[in-house]
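So the protein sequences, as listed, match chains R and X.
Here our numbering is used: the first residue of the first sequence is 9, the next is one more, and so on.
Here our numbering is used: the first residue of the second sequence is 147, the next is one more, and so on.
The next block holds one structure in the form of structure tokens; read it before the comments.
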Amino acid sequence: MSLEFVLFIIFSAVSLSSAILMVTRINPVLAALFLIVNFASLAGLYLLLNAQFIAIAQVIVYAGAIMVFFLFVIMLINPDFEKRFMEEKAKFKIFAVFVSLLVFVQIAYIIFFSQPSEDVSRKVTASIQAGTVEQIGRTLFTKYILPFEAVGYLLLTAAIGALVLAKKKLK
Amino acid sequence: MQVPIEYYLILSAALFVIGIAGVLIRRNAIVVFMCIELMLNSANLTLITFSSYLGNSIGQIFVFFVMAVAAAEAAVGLAIIITLFRNMQTVSIDKFNIFRW
């Protein structure tokens, strides 16, 4: 067993268990904290896949910015009402688990029994080359410069929209 | 021994399915939102897996755009949740029926 395999097992176990804990916790603050753990383990998996830039962006953008935002909103409005629903509607939970298991079986069937159109055995040098910051920056600022600018405008619009929505009164 | 690509894809599918179950079970709008973020991340994991195994960086650039869109979506969505809470004093998605006529 190589180190890569051991690390994969550790990271995937952490991400799966933290995702399940996130869904089952009643307290939304605990759910947000488990989601941060999940994002961090996903960043580790990205590093295993030689995607350095995305791993760092995952930690900074998701685990840093977005989850702090979520925690801030949770502590601002402090909702505490779900326990009653969970106790009253146990049948609904069984239905949800059944639906999601059905979807999982479908996706697993596609993954294991489909014919790949291309050889997907990993070439290590090409994989490392594809994930470097230089390579991504070069492609992003030459071939994909127009989508990059569009994303900038999207973020600006979202910031203005969030300000307008969360303001006390519109005049 | 290299990790086969199927393991990564199954992990991603499992995370996506947990996100679906969370969206269906939970009644707190913020937690439903966090489950949607989980599903976005599982799609990102699939994109990066294929990008790495095919030696092609375009998948990672797509993930970069997905992250930017997710940040914008989180900002607008949480602002909507704050406004709804201010007007209705709850974040239970069972109570949000103001679009019904």
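Think of the CB as a built atom: it goes at the ideal place given N, C-alpha and C, for glycine as much as any other residue.
Residues of chain R with a Cβ closer than 7 Å to the Cβ of VAL209 (chain X) are, in chain order, ILE62. With its beta carbon less than 7 Å from one in chain X, GLN143 (chain R) belongs to the interface. For THR150 (chain R), the nearest beta carbon of chain X is not closer than 7 Å to its own beta carbon. Bridge pairing for SER188 (chain X): absent [DSSP].
Considering only X:PHE211, X:TYR154, X:GLU152, the residue with the shortest C-alpha distance to ALA158 (chain R) is X:PHE211. In this chain, the alpha helix (DSSP H) harbouring PRO155 (chain R) covers 153–174. Partner residues in the beta bridge of SER238 (chain X), as assigned by DSSP, are X:ASN174. Pairing TYR117 (chain R) with GLN235 (chain X), the inter-Cα distance amounts to about 44 Å. In this structure, the beta-carbon distance from ALA175 (chain X) to ILE244 (chain X) does not fall below 7 Å. The segment 162–180 of chain X and the segment 202–216 of chain X do not touch, with fewer than three beta-carbon pairs separated by less than 8 Å. Within 9 Å of the CB of ASN202 (chain X), the CB atoms of chain R belong to ALA134, ALA138, in sequence order along the chain. With contacts defined by Cβ atoms closer than 7 Å, PHE16 (chain R) and LEU56 (chain R) form a contacting pair. Contact residues of the segment 46–58 of chain R toward chain X are ASN46, PHE47, LEU50, LEU53, TYR54, LEU56, LEU57, ASN58 (C-beta to C-beta distance below 9 Å). Against chain X, the beta carbon of GLY72 (chain R) has no neighbour under 9 Å; the closest one sits roughly 11 Å away. A Cβ-Cβ separation of about 14 Å leaves LEU193 (chain X) out of contact with GLY201 (chain X) under the 8 Å criterion. THR147, LEU148, TYR152, PRO155, VAL159, LEU162, LEU163, ALA166, ALA167, GLY169, ALA170, LEU173, ALA174: these are the residues of the segment 146–175 of chain R whose beta carbon lies less than 7 Å from some beta carbon of chain X, given in chain order. Of the candidates X:PHE231, X:LYS241, X:ASN233, X:ALA220, X:ALA220 places its Cα closest to the Cα of LEU162 (chain R). Using a C-beta cut-off of 8 Å, the segment 45–52 of chain R makes no contact with the segment 131–144 of chain R, since fewer than three inter-stretch Cβ pairs fall below that distance.
CA-CA distance, ASN35 (chain R) to ALA98 (chain R), rounds to 18 Å. The continuous alpha helix (DSSP H) containing PRO36 (chain R) extends over residues 36–56.
With a beta-carbon spacing of about 19 Å, VAL14 (chain R) and SER26 (chain R) fall beyond the 8 Å limit used to define contacts. The C-beta separation of SER197 (chain X) from ALA59 (chain R) comes to about 7 Å, placing the pair in contact by the 8 Å criterion. In chain order, ILE164, GLY168, VAL177, MET180, CYS181, LEU184 make up the part of chain X whose C-beta sits under 9 Å from the C-beta of MET30 (chain R).
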